[in-house]
Amino acid sequence: MVEQGKFGNEEAIAVLVIACMAKEFFTDPNIIVRKVGTAGWYMVLISAAVAAVGFTVVYFLLKRFPGKNVMEIYDAVFGRYIGFVFSFFLAAVLLFSAAMNLREYVEIIKIYVFPKTPPVYLIGSLAVTVVILSFIGLENIARYSKLAGCVMLAGFIILLLLASSFFRFYRVYPLLGYGLRNTLVQGFLRSSIYGEITLVAIFAKSLHRIEDVRKVGYTSLIIAAALLFIMQLGLTLIFTYPFGKELTAPLYAVASLIHYGGFFQRVESLFLFIWNISTMIAIPLLFYMVLLIYSHLFKIGDLRPIVVPFSVILVTLSLIPSNIVELVQFYIKYLREFGWAVFYVLPSIALTVAALSQKKGAQT
Amino acid sequence: MKRILAVALLCVMAFMLAGCYDAKDINDAAYILLIGIDRGMSDKFRVTFKFPAFEAGGAQKGGRGGGESPGGGLSYKTMTIDAPSFNAALELANTSIPRALNFMHAQFIVISEDIAKAGLVGEFLAPIVRNSSIRYSTRLLIARESAAEFVELLEPFGGSDITRMCENLIKQAQETGLFADLTLYDLHDCMTSPYHQPIAVLAAVNKDENFIEKGPKWDTKYNIPGDYYAGDVPRKKGSKVELLGLAVFNGDRMVGKLTGHESRLLAMAKGVFQKGTYTIPDPKCPELNVDLEVREARRPDIKVWFEGQKPFVSLKIYLEGDINSIQSGIHYETPEMLPVIERAFERFIKRELDKAIEKTQRLNCDVFCFGHIAVKKFATIPEWEAYDWNSHYKDAEIYTEVDFKIRRTGTMIYSSKIKYSEEDK
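Sequences listed follow chains A and B, in order.
1 is the number of the first residue of the first sequence in the numbering used here; add one for each residue after it.
365 is the number of the first residue of the second sequence in the numbering used here; add one for each residue after it.
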């Protein structure tokens, strides 16, 4: 069995929060405005409430089978074959999600920063990073996340503070956006924004105790929800909803607006590090989770032989969307709107079946 | 192991060297500072670019020559192209300039009034707002006549370069309130906004035509300061260009203009007025004037309510200021007399504000942004969009009130009468 190494709660929180936030730096705020208009800032809180329920289910499942990760629990509850299907489905969604996040990152970087660089080169560079980080392992990714997380948090807050001169509070009106019902439905559907929090169930063994899973999960969720709330509210206050619907990457547009006299302007290149580093943590994390699940499914003791082949699959999948419109309005849309089924429903089924069949792990 | 490491390092280095493959040297780019857009003759648009001259050893070189424009030790060149769109003009420009045009340092986008009135602003701005190299913080101006002429004649003044000239010129919006600091972001945001209608800064070349050198001298008539459009200020020499007043848009079509004086009233109503000097007729001696330096005391109080479909607006402006001069020498610096000036100024601002609001209502353009308050009465976007505030603005009944307090009287706290000898009285 693969040894992932142990790390502390802070490292785990950092890696999960970054994984949640990374995808929100690109086209997601635009999609949120298109779906709920001016109500995006509290829609993310509705999504967080749904995600909290989903995570509670995951936590109870892990608590019922102490010392096991979610793949082992699926096997224990459903048996080897159905458990295999559940875990394989989770791995497939995570790999596809990583590939789409990779492609989204590349598209945005190509639009705003490197318009003349071939996409394959950008994808290739990131794929090499993913391979290298997979070789050095989850423990190192998590420890690096803690270090990078502090810098990124500071950068994120500075960005919003500098852009606060553009805040106009009338832009949050009409408060109910396209209607409360619509906001509630979208908030539920888009709860997969926080789906990465449930990855803790895959690397649960890297934490010291089962209580740590609870602490890490809820703390990550609260931090991610608070940051998303601040970000979405900031964007709503800066761009009226018709303008917000147009912007490919609203947060990058915010950075390019910052202009304080002749000396302090064109600072977006500084903030580029926020989304570069977050992407370089989020995609390798998802990728590593896929490797862990795959190695469990096929009982592979060493991850290294499958890293490069899987990176080829990652790159190949990322090349499927023929353009950014297809990527955003089809692949990412369905991943975000139906991701909750994989992140929360599969564990719910497992918990229900375990409860009905009275299956439990060895209690310590 | 060492071999593997060496191969890995070489691979990493190969990635790093890729930057050299299509590297762009600073000398390979032409940094566009000003962009002018007129209606074309040979094609739909006439686009003018202004950029630093490409001198050997850098752009820094004194003196003139070769059609370059002078200024502050830097020289500039302009280029005008007729093309069907901005991007087409860009490509055509690159066929004659051996450098890639770069817009990272663009200061002003100047659009001619002609284009603005024809409703072509949106059409022309569409490729500009999609272009990631043109920043949303670039200032946008509406040139009274030819944008090409404005771009050509915008020269550094007082030893600065064009970039600093533009930055400092825009700063005067805060100092005077006679125009506003508006960017591409503002115009694009407002063009699609259901809350209000857009405005843009008016710009023009001042050809000294309003400066009368011969004729009867001015008598005791009163002129409101700044009540001009750009290009009309009676002045001679100085910079050839000026920014004054605002263009009013309905969507992307320019439908009217506000003078510098009206722009200040607009700033007061929007709560963005920082300071400005007012000259009003002395209430006790109307042939002479009183100068006041006026600031915003606190943000205006705006209330909007509806009776059926009809909107009602109440606007109260709070101002404060200092006395800068009292030409008559009347001793206003007493608790009983200060309110005389205060009430006179309140009446003056209210009268002018009502006229300005009426003017925008005739244009049916809510540039006063009352829609920002009106929207609070609507719960959802479909309800707000169905009501269509911008279309109902003309029907609004608007009540205004002005509150003005004098805080200081300058370096003098008492006005003594000027003494004349008997025969001069």
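Note that beta-carbon positions come from the ideal geometry of N, C-alpha and C, so glycine has one too.
Treat the numbers as computed from the prediction; the structure is a model and nothing was measured.
For residue 349/A, the secondary structure class from DSSP, reduced to helix, strand or coil, is helix. Cβ proximity to chain B below 7 Å picks out 179 from the region 179 to 200 of chain A. In this structure, the CA atom of residue 166/A is about 21 Å from the CA atom of residue 666/B. Contact annotation: the region 572 to 582 of chain B does not touch the region 541 to 549 of chain B, with fewer than three C-beta pairs closer than 8 Å. In this structure, DSSP gives residue 755/B a helical state, which the three-state scheme calls helix. When C-beta distances to chain A are compared with 7 Å, the residues of the region 482 to 504 of chain B below that value are 496, 499, 500, 501, in chain order. Residues of the region 331 to 364 of chain A that bring their beta carbon within less than 7 Å of a beta carbon in chain B are absent altogether. Buried is the label assigned to residue 190/A, since at least 16 other Cβ atoms lie within 10 Å of its Cβ. Residue 771/B sits exposed, since fewer than 16 C-beta atoms from the chains shown fall within 10 Å of its C-beta.
Contact of residue 66/A with chain B by beta-carbon distance below 9 Å is absent, the smallest such distance being about 40 Å. In the DSSP assignment, residue 443/B is bridged to 413/B. Ranking 588/B, 614/B, 413/B, 449/B by CA distance to the CA of residue 730/B puts 614/B first. Of all alpha-carbon atoms in 6/A, 274/A, 349/A, 301/A, the one lying nearest the alpha-carbon of residue 70/A is that of 349/A. Put simply, the CB of residue 553/B is near chain A, with a gap under 8 Å to one of its CB atoms. When the five nearest sequence neighbours on each side are left out, the beta carbons in the same chain lying within less than 8 Å of the beta carbon of residue 245/A are those of 30, 33, 34, in order along the chain. Relative to the Cα of residue 692/B, the nearest Cα in the group 660/B, 671/B, 648/B, 703/B belongs to 648/B. Buried is the label assigned to residue 289/A, since at least 16 other Cβ atoms lie within 10 Å of its Cβ. Checking the DSSP bridge columns, you'll see residue 666/B partnered with 679/B. Listed in chain order, the non-local C-beta contacts of residue 212/A below 7 Å within the same chain comprise 9, local neighbours out to five positions each way being set aside.
Under the Cβ distance rule, residue 230/A does not count among the residues neighbouring chain B, no pair being separated by less than 8 Å. The distance from the Cβ of residue 286/A to that of residue 98/A is about 4 Å, consistent with a contact at the 8 Å cut-off. The Cβ atoms of residue 442/B and residue 516/B lie closer than 8 Å to each other.
Here residue 361/A has 65, 66, 68 as same chain residues with Cβ atoms under 6 Å from its own Cβ, once five neighbours each way along the sequence are excluded. With the criterion set as a beta carbon lying under 8 Å from some beta carbon of chain A, the members of the region 739 to 768 of chain B are 739, 740, 742, 743, 744, 745, 746, 747, 748, in sequence order.
When the Cα atoms are used, residue 358/A and residue 76/A turn out to be separated by approximately 12 Å. Contacts between residue 395/B and chain A, judged by CB atoms closer than 9 Å, are missing: the closest CB pair is about 12 Å apart. Following the DSSP letters along the chain, one finds residue 15/A inside the alpha helix (DSSP H) bounded by residues 9 to 22. The Cβ-Cβ distance between residue 336/A and residue 193/A falls below 8 Å. Straight-line measurement puts the Cα of residue 449/B at about 46 Å from the Cα of residue 712/B. The beta carbon of residue 392/B lies closer than 7 Å to those of 463, 464 in the same chain, with the five residues before and after it left out. One alpha carbon belongs to residue 225/A, the other to residue 284/A, and they sit about 22 Å apart. The residues 684, in chain order, have a CB closer than 6 Å to that of residue 769/B in the same chain once the five nearest residues on each side in sequence are set aside.
At least one C-beta of chain B is nearer than 8 Å to the C-beta of residue 242/A. Taken atom to atom, the span from the alpha-carbon of residue 661/B to that of residue 709/B is near 14 Å. Within the region 556 to 569 of chain B, the residues whose Cβ lies closer than 8 Å to some Cβ of chain A are 556, 557, 558, 559, listed in chain order. Put simply, the backbone Cα of residue 242/A is about 25 Å away from that of residue 677/B.
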